[in-house]
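Position 251, counted from 1, in the first sequence is what my numbering calls 274; the numbers after and before it change by one each time, with no gaps. Worksheet for the structure shown next.
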Amino acid sequence: MLQSKLFLKPLRDYPKDEETINAKLLVRAGFVEKLMAGVYSYLPLGLRVLRKIEQVVREEMDAVGGEEVLMPVLHPKANWVQTGGWDKIDVLFKLTSRTEKEYALGQSEEEIVTPLVMSRVHTYKDLPRAVYQIHWKFRDELRSKSGLLRGREFFMKDMYSFHENQEDFERYYEVVKAAYLKIFSRLGLTAKVTEASGGSFSEKISYEFMVLTDAGEDDILYCDACAFCVNTEIAKEEKTGAKCAKCGKGTLLKARASEVGNVFDLGTKYGKDFDLTFIDREGKKSYPVMGCYGIGISRLFGVIVERSHDEKGIIWPRSAAPFLVHLIELSGGNGSEIYKNLQAAGVEVLYDERDVSAGEKFSEADLIGIPYRVVVSEKTGERVELKERGKKESTLITYEELLQKISE
RNA sequence: CGGGCUGUCGUAUACCGGUAGUACGCGUGCUUUGGGAGCACGUAGACUGGGUUCAAUUCCCAGCAGCCCGACCA
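Written out as structure tokens, the structure reads:
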């Protein structure tokens, strides 16, 4: 992509109405633009990042047998009345049409996916099933904050699994938990798994995937030696500084974190609410055991920025970067050939061919945070200068060496 | 939803009860070109509604909007 065509370009200053790092950097660098509190437009650069994160999540969901679907955001009131959510869930956005019909905007999708999947499930042979979607969610938060970390409208992957019994659910639960850790790791994040309360509809314990960041909204206690981690909401005996009861070696530390994913054991609640059954191995009617698995894609977007930046701007991991290479042409250099060749080689490249000062190009490149910066100028001659974002040193190399280097 | 703070060119800001200033951006021209260039000229602004006042962008009230703290948060 030519940088001169990027009409939603970086700003000179930080926005005055943003406080958190992710929002300041993302607005200034031209990834997102705020429409209102907790609601952002994704600009060309931001949409690329969103798609990258989405794709990592999609690949891992496909790998555990998830089938992707796309369900409506506009829901009939009846489904929500059926499960009790219409009255109990206070973050549910409710709308009234001009004919006085009432609707809900999806804040989660059990009310829709349960009848959908069970319409094709007749016997235990049709199970297990897992379907997921990557779509917008709406929650009427009293206070929206922290940029992309807590929006009233946000992009989320939500998967729902259906099983013939608890054992099969628990088997799959572990499979998905492992896939989740892989997703966060691919995105350059270290996620801790905590036990948390199951929310208003479930007595069961759920698991939350937390990434340490001061911009988060949860407090967790974790062991510095083993994997033990718990949300302070449900921590009872454990105290900061105490010895870890699980491994006996480590010390418990308290930290601020942001929840980037969760998994819930839904039990048979939704099957019962809709009275949808299948014929089990004994030939009897049975309710499916369900699981629900969420990952906040837009929140991950913000969390990556919170975790990976310096005083000059964002530092994208290549798995989430809008482009792999930022090609910068300075006076006396010609990047058009390299641009064409890189594109032909399938490399995603942003080409800065604008007629602006070198300093401005460098500053914007640091701000945007593309992993590899490649400069061509009078000085580089037949070669190119490669610098990795986040590293100080640069090297003069040939085009062939460049291709080699960036494909590592 | 309770509390606090804030609304001034596109952006970031300054001053002020009586002509609203600066920087950046943007436009034109020339000079520049390896870390947000220089000069010249030009462009563009007081959230909305009431009130006080001879006069309100400024003071007061309300509304709207944003941020922060709290509560809330499948």
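C-beta: ideal position from N, C-alpha, C; glycine also.
Tell me residue 330's beta-bridge partners as DSSP assigns them. Bridge partners of residue 330: none, in fact.
Tell me, please, whether the stretch 288-308 touches the stretch 244-259 by the rule of three or more beta-carbon pairs shorter than 8 Å. Fewer than three beta-carbon pairs drawn from the stretch 288-308 and the stretch 244-259 are found closer than 8 Å, and the two stretches are therefore not classed as touching.
What residues are listed by DSSP as bridge partners for residue 192? Paired residue(s): none; residue 192 is not in a bridge.
Look up residue 57 in the DSSP assignment and say whether it is helix, strand or coil. When secondary structure is reduced to three states using DSSP, residue 57 falls in the strand class.
Buried or exposed by the 16-neighbour rule on C-beta atoms within 10 Å, applied to residue 265: Residue environment: residue 265 is assigned as exposed (fewer than 16 neighbouring CB atoms within 10 Å of its CB, all protein chains considered).
Own chain partners of residue 339 with C-beta closer than 8 Å, once the 5 adjacent residues on each side are dropped: Excluding residues within five positions, the ones whose Cβ falls inside 8 Å are 72, 327, 331, 345, 392, 393, 394, 412.
Whose C-alpha, out of 216, 151, 211, 279, is nearest the C-alpha of residue 249? Check the Cα spacing between residue 249 and each of 216, 151, 211, 279: the tightest is with 216.
Report buried or exposed for residue 59, applying the criterion of at least 16 other Cβ atoms within 10 angstroms of its Cβ. With fewer than 16 other Cβ atoms inside 10 Å of its own Cβ, residue 59 counts as exposed.
Continuous beta strand (DSSP E) stretch holding residue 181: start and end: Here the beta strand (DSSP E) through residue 181 covers 176-186.
Where residue 274 falls, given that 16 or more other Cβ within 10 Å makes a residue buried: Looking at its Cβ environment, which holds fewer than 16 other Cβ atoms inside 10 Å, residue 274 is exposed.
DSSP state of residue 171 mapped onto helix, strand, coil: In the structure shown, residue 171 sits in a helix (DSSP, three-state: H, G or I).
Of the choices 268, 305, 312, 304, whose alpha-carbon is the least far from that of residue 288? For residue 288, the nearest C-alpha among the options comes from 312.
Which of helix, strand or coil DSSP assigns to residue 254: Three-state DSSP puts residue 254 in a strand.
Just curious, the beta strand (DSSP E) that residue 62 is in, first and last residue? Residue 62 -> beta strand (DSSP E) spans 62-65.
Under 8 Å between C-beta atoms of residue 161 and residue 210: Between residue 161 and residue 210, the C-beta gap is not smaller than 8 Å, which leaves the two residues out of contact.
Tell me residue 349's beta-bridge partners as DSSP assigns them. Note: residue 349 sits in a beta bridge opposite 373, 396.
Where does residue 119 land, buried or exposed, given buried means 16+ other C-beta within 10 angstroms? With fewer than 16 Cβ atoms within 10 Å of its Cβ, residue 119 is classed as exposed.
Local conformation of residue 148 per DSSP, three classes: It is helical.
Please tell me whether residue 176 and residue 159 are closer than 8 Å, where the distance is taken between their beta carbons. Using a Cβ distance threshold of 8 Å, residue 176 and residue 159 count as a contacting pair.
Per-residue DSSP class, three states only, for residue 364: It is helical.
Applying the 10 Å Cβ sphere with the 16-neighbour rule, what's the burial state of residue 396? Counting C-beta atoms within 10 angstroms of its own C-beta, residue 396 has 16 or more neighbours from the protein chains shown and is therefore classed as buried.
Ordered list of beta strand (DSSP E) runs contained in the stretch 35-114, each at least 3 residues: 55-59, 62-65, 97-99, all fully within the stretch 35-114.
Grouping DSSP H, G and I as helix and E and B as strand, with all else coil, what is residue 209? DSSP, reduced to helix, strand and coil, places residue 209 within a helical segment of the structure shown.
So, with DSSP's three-state summary, where would you put residue 223? The predicted position of residue 223 is uncertain, since its pLDDT is 49 and thus under 50; no value can be drawn from it.
Under a three-way DSSP split, which group does residue 122 fall into? Under the three-state reduction of DSSP output, residue 122 falls in the coil class, being neither helix nor strand.
Give me the Cα-Cα distance between residue 262 and residue 140, rounded to the nearest whole angstrom. Taken atom to atom, the span from the alpha-carbon of residue 262 to that of residue 140 is near 44 Å.
Residue nearest to residue 282 in terms of C-alpha spacing, selected from 270, 227, 319, 272: If we check each option's Cα against that of residue 282, 319 comes out closest.
Bounding residues of the alpha helix (DSSP H) (the contiguous stretch that carries residue 165): Taken as a continuous stretch (DSSP letters only), residue 165 belongs to no alpha helix (DSSP H), as it is neither H nor E.
Please confirm whether residue 229 and residue 286 have their CB atoms less than 8 Å apart. Yes, these two residues count as a Cβ contact at 8 Å.
DSSP three-state label for residue 30, please. Coil.
Considering only residues of the same chain and omitting the five flanking positions on each side of residue 198, which have a CB-CB separation below 7 Å? Hits under 7 Å: 87.
So, for residue 223: in the same chain, excluding its five sequence neighbours on each side, which residues have a beta-carbon less than 8 Å away from its beta-carbon? Summary for residue 223: the model assigns pLDDT 49, below 50, so the residue's position carries little reliability; its value from the coordinates is reported in the next sentence. Same-chain partners within the cutoff: 111, 112.
May I ask which residues mark the beginning and end of the beta strand (DSSP E) holding residue 229? 229-235 is the extent of the beta strand (DSSP E) around residue 229.
Can you look up residue 388 in the DSSP assignment and give me helix, strand or coil? Residue 388 falls in the helix class under three-state DSSP.
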